[in-house]
Amino acid sequence: MIILPSKIILFAVAGAFLTGILCSLIGSFIVRMNLSSLGFCMSHAAFAGAALGVVLSFSPLMMAMCFSTVVALILGPVAEKAKLDTNVVIGIIFSLMISLGLIFLSFSPGAAMSSTALSILWGSILGITIEDILRLLLITSSIILMIVLFFKEFQAIMFSRKMAEASGINTKPFYYMILFLTGITVALSLKLVGGLLVFALMINPASSAYQFFYDMKKITIFSPIIGVLCCFLGILLSFFLDLPTGASIAITSSLIFGLSVMVSPKRKRG
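What follows is the structure in C-alpha cells.
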C-alpha cells in the first residue's frame, strides 16, 4: 500500500470538494436550460486549449481557460446573429474543438505517453497545488455570490427566456454569464476530472437532483452535495482499484444518476 504525504491528500480532498460544488452548481443551470451539450462542448474546448499549451510549452491551465472562455464568449452572439439554435452551434464548435485537441496532441513530443497529455485527458488529482485550490475557491465563491444576488433573474431565465424578457428582464447578460462561467468551471476542473470527462461531473449530479425535486432552490442546494459525494466516492474507487481519477468519478456519478432514476418519486408518479 502506498502511503501518500498528508499534504497531497489534503489538497486532493480540498480540490475534490470545491470541484464537486463548482461543476454541480453550473450543471444545475445547464440541465434546466436543456444545454447539456454545452458542458460537453466546453470540456473539449478546454481540452484543445490545454493540448495547445503542451505543444507550446505554455501553461495548459491558462490555455484551457483561454479556449473555453473564448468559446463561451462567441457562442451566444454567434447563435443569436446566425439565428440558429444554440445546440446546433454547440455541435459545430464541439467537433472543431475535439479535432483541434487531437491535432495539437499529435504535435507534442511523446504525446501518447506524456504524463501532461494524460493528465489533460483523464485528470491528475495528486498534482493539484495550493494555487489550483485558491482559483477553485475564488470562482466557487463568486458563483455562489452571483446566484444569491441574482437568483430570481436566473430562475426566470431557466423557466423561460422569452417570458423573462417579456417581464422586463434583460436576459443577455445573465445568459452570457452562464456560458462564461461554464467555460471557466471546465478549465479549472481539468486537473481533477480531465478534459474528456468533466462534463459528466457537470451533468450527472444535477440530473440526479432533478429526479427528486421541482423547486430550483432545492436543486441548487442538493446538486453540489451529490457532486461532492461523486468526487469523494470516485477518488476512493480510483485509489483502491488503481484507476484514472476522472474516469472513476464519471462512473460513480453515472451510477448515482442511474440509482436516482430508479428510486425517483417523479418516475413513480409517471
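Counting from 253, one number per residue, gives the positions in the sequence shown under the numbering used here.
Just so you know, even glycine gets a beta-carbon here, dropped at the ideal spot from N, CA and C.
Each of Met429, Val445 and Ser289 was checked against the Cα of Ile409, and the nearest Cα belongs to Met429.
Note that the C-beta distance between Ile436 and Ile391 is below 7 angstroms. For Leu270, the CB contacts under 8 angstroms within the same chain, skipping 5 residues up- and downstream, are Ile385, Leu388, Leu389 and Thr392 in chain order.
Per DSSP, Tyr428 is one residue of the alpha helix (DSSP H) stretching across Thr423 to Leu440. At a Cβ-Cβ threshold of 7 angstroms, Lys443 and Ile380 count as neighbours. The criterion of a C-beta distance shorter than 7 angstroms is satisfied by Cys275 and Leu453.
With fewer than 16 other Cβ atoms from the protein chains shown falling within 10 Å of its own Cβ, Leu401 counts as exposed. Under the 8 angstroms Cβ criterion, the region 456–465 counts as touching the region 501–512, having at least three qualifying pairs. Per DSSP, Pro457 is one residue of the alpha helix (DSSP H) stretching across Val450 to Tyr462.
Residue ranges of uninterrupted alpha helix (DSSP H) with 4 or more members, entirely inside the region 283–338 and ordered along the chain, are 288–307 and 312–333.
With respect to the 7 angstroms criterion, Ala268 and Ile477 are not classified as neighbours on the basis of their beta carbons. Pro496 carries a coil assignment under DSSP once its states are collapsed to helix, strand and coil.
Taking C-alpha positions only, Phe281 is separated from Leu287 by approximately 8 angstroms. If the five residues before and after Leu352 are omitted, its C-beta is found closer than 6 angstroms to the C-beta atoms of Ala300, all from its own chain and listed in chain order. Here the alpha carbons of Gly498 and Ile278 stand approximately 18 angstroms from one another. Burial check for Val340: the Cβ neighbour count within 10 Å stays below 16, so the residue is exposed. Just measuring C-alpha positions, the residue of Thr321, Glu405 and Ser500 sitting nearest Leu290 is Thr321.
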